[in-house]
Amino acid sequence: MANGLVSRADVAAFQRDGAVVIRGLWADHVDALRAGVARNMAEPGPYAAENLKPGEGGRFFDDYCNWERIPEFADVIRNSAVAEVAAALMGSDSVQMFHDHVLVKEPGTSKPTPWHQDAPYYFVDGRQTVSFWSPLDPVREATLRCVAGSHRWEKPVLPTRWLNEDAFYPDDGAYIPVPDPDAEGMEVLEWEMEPGDAVAFAYGVLHGARGNTSDTRRRAFSLRLLGDDARYVERPGRTSPPYPGHGMEPGQRLREDWFPMLRGDAHQA
Numbered sequence: 119m120a121n122g123l124v125s126r127a128d129v130a131a132f133q134r135d136g137a138v139v140i141r142g143l144w145a146d147h148v149d150a151l152r153a154g155v156a157r158n159m160a161e162p163g164p165y166a167a168e169n170l171k172p173g174e175g176g177r178f179f180d181d182y183c184n185w186e187r188i189p190e191f192a193d194v195i196r197n198s199a200v201a202e203v204a205a206a207l208m209g210s211d212s213v214q215m216f217h218d219h220v221l222v223k224e225p226g227t228s229k230p231t232p233w234h235q236d237a238p239y240y241f242v243d244g245r246q247t248v249s250f251w252s253p254l255d256p257v258r259e260a261t262l263r264c265v266a267g268s269h270r271w272e273k274p275v276l277p278t279r280w281l282n283e284d285a286f287y288p289d290d291g292a293y294i295p296v297p298d299p300d301a302e303g304m305e306v307l308e309w310e311m312e313p314g315d316a317v318a319f320a321y322g323v324l325h326g327a328r329g330n331t332s333d334t335r336r337r338a339f340s341l342r343l344l345g346d347d348a349r350y351v352e353r354p355g356r357t358s359p360p361y362p363g364h365g366m367e368p369g370q371r372l373r374e375d376w377f378p379m380l381r382g383d384a385h386q387a
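The opening position of the sequence shown corresponds to residue 119 in the numbering used here, with each subsequent residue numbered one higher.
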């Protein structure tokens with residue numbers, strides 16, 4: 119399956135737990151992705167953010183929606199096996215681009231990435247979704263952590279802003295508070311990883327990442343993809359990413375001129 123990168127056991131784990139590690143997904147593209155991250159940090163986009171308060175050590179940079187202007191990202195997205203792997207994991211005929219995301223924790227950045235689900239931030243909903251989080255440096259610390267089965271929870275987790283930790287939307291009872299998986303005894307999946315390995319996880323999976331207390335940086339490239347049943351939905355506030363002026367209506371597939379198909383045909387899905 120998918121050039122041998124993903125097995126039936128991987129697909130079963132992804133469907134059951136909402137997360138699985140895919141070894142070597144971008145092993146042949148690490149240098150290109152590192153060059154893309156360097157370009158992204160030197161020429162940040164309009165959504166770039168620094169996620170530390172004054173006095174917090176290190177640096178935690180993130181930015182997204184840059185793949186169309188960063189050729190290294192576009193080349194990897196279009197010329198790697200990621201669309202085939204995504205199709206296998208999601209059980210989807212089509213694979214559609216959503217967005218890219220770069221996250222960099224410099225040495226001594228003790229702040230963890232807060233626990234969150236991606237789905238509530240996005241203006242898309244569906245069972246067939248997948249994100250790939252791939253470190254471009256070996257990770258023992260600062261690795262991604264996913265709560266097994268959290269993509270099947272009845273209610274989503276209230277999205278918050280990473281810097282000031284306030285609620286992203288009004289809390290109208292539609293969300294549950296952000297849990298503490300370690301204190302609450304939840305099953306947390308995490309892996310030691312090499313550059314080019316990737317954690318694949320559904321948008322509904324609760325996840326976070328440890329701080330980087332090592333003496334080396336942790337660069338990560340993430341890619342968000344959509345399957346057959348993904349549809350535009352309205353949220354109770356500005357989404358992240360916002361994509362102003364998109365003109366889509368609830369229930370529609372995302373517009374292909376902004377979110378191109380990487381595999382298959384949405385009109386046939």
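Glycine included, every Cβ here is placed at the ideal spot set by N, Cα and C.
Computed from a predicted structure; not experimentally measured.
Checklist line | Nearest candidate by alpha-carbon position, reference Leu262, set Gly175, Arg373, Ala316 and Glu202 | finding: Taking the first residue of the sequence shown as 1, we reach residue 262 at position 144. Answer by Cα proximity: Ala316.
Checklist line | Burial state of Gly345, where buried means 16 or more other Cβ atoms lie within 10 Å | finding: Reading the sequence shown from its first residue, position 227 is the one you call residue 345. Per the 10 Å Cβ criterion, buried.
Note to self: List, from N- to C-terminal side, the alpha helix (DSSP H) runs of 4 residues or more that fit wholly inside the region 184-266.
What the structure shows: Contiguous alpha helix (DSSP H) elements confined to the region 184-266 occur at 189-197 and 200-208, taking only those with 4 or more residues.
Check: If you drop the 5 nearest sequence neighbours on each side, which residues of the same chain put their C-beta closer than 7 Å to that of Arg141?
Finding: If you number the sequence shown from 1, residue 141 lands on position 23. Once the five neighbours on either side are set aside, the close Cβ partners of Arg141 are Asp315.
Note to self: Just to confirm, is the Cβ distance from Gly176 to Thr227 under 9 Å?
What the structure shows: As a working mapping, residue 176 is identified with position 58 in the sequence shown. As a working mapping, residue 227 is identified with position 109 in the sequence shown. One thing to note: Gly176 has its Cβ within 9 Å of the Cβ of Thr227.
Margin query: Comparing C-alpha positions only, which one of Pro253, Asp333 and Leu151 sits nearest to Pro225?
Written below: Residue 225 sits at position 107 when you count from the first residue of the sequence shown. The alpha carbon of Pro225 has as its nearest neighbour, out of Pro253, Asp333 and Leu151, the alpha carbon of Asp333.
Check: Do the CB positions of Phe178 and Val222 come within less than 9 Å of each other?
Finding: Taking the first residue of the sequence shown as position 1, residue 178 is located at position 60. Taking the first residue of the sequence shown as position 1, residue 222 is located at position 104. In contact: Phe178 and Val222 (Cβ atoms closer than 9 Å).
Next item on the list: Consult DSSP for Met379 and reduce its assignment to one of helix, strand or coil.
Entry: Residue 379 sits at position 261 when you count from the first residue of the sequence shown. Of the three classes helix, strand and coil, the one that applies to Met379 here is strand, per DSSP.
Margin query: How far does the alpha helix (DSSP H) with Leu343 in it extend, from its first residue to its last?
Written below: As a working mapping, residue 343 is identified with position 225 in the sequence shown. In the DSSP assignment, Leu343 falls outside any alpha helix (DSSP H) and lies within the beta strand (DSSP E) extending over Arg336 to Leu344.
Next item on the list: Tell me, to the nearest whole angstrom, how far the beta carbon of Gln235 is from that of Val275; I am working on the premise that it is less than 8 Å.
Entry: In the sequence shown, residue 235 corresponds to position 117, counting from 1. In the sequence shown, residue 275 corresponds to position 157, counting from 1. Correct: roughly 5 Å between the Cβ atoms.
Note to self: Using C-beta distances below 6 Å, list every residue in its chain close to Arg337, excluding the 5 sequence neighbours before and after it, in chain order.
What the structure shows: The count along the sequence shown starts at 1 and reaches residue 337 at position 219. Sequence-distant partners of Arg337 (beyond 5 residues in either direction) whose C-beta falls short of 6 Å from its own C-beta, in its chain, are Val155, Val222, Leu254 and Asp255.
Check: Measuring CA to CA, which of Trp251, Asp383, Arg187 and Ile188 is closest to Ala260?
Finding: Position 142 of the sequence shown, counted from the first residue, corresponds to residue 260. Out of Trp251, Asp383, Arg187 and Ile188, Trp251 has the C-alpha closest to the C-alpha of Ala260.
Margin query: I'd like the list of long-range same chain contacts for Leu151, defined as Cβ closer than 7 Å, with 5 residues on each side in sequence excluded.
Written below: Indexing the sequence shown from 1 puts residue 151 at position 33. Closer than 7 Å at Cβ, skipping near neighbours: Trp144, Glu190, Val194, Leu254 and Phe339.
Check: Is it buried or exposed for Gln370, if we count other Cβ within 10 angstroms and need 16 for buried?
Finding: For the purposes of this step, residue 370 is taken as residue 252 along the sequence shown, with counting starting at 1. Gln370 comes out exposed.
Checklist line | Where the alpha helix (DSSP H) containing Val124 begins and where it ends | finding: The residue you call residue 124 lines up with position 6 of the sequence shown. Counting along the chain, Val124 falls outside any alpha helix (DSSP H), and DSSP gives it neither H nor E.
Next item on the list: Following the continuous alpha helix (DSSP H) through Val323, name the residue where it begins and the one where it ends.
Entry: In the sequence shown, residue 323 corresponds to position 205, counting from 1. That residue, Val323, is in no alpha helix (DSSP H); it is neither H nor E in DSSP.
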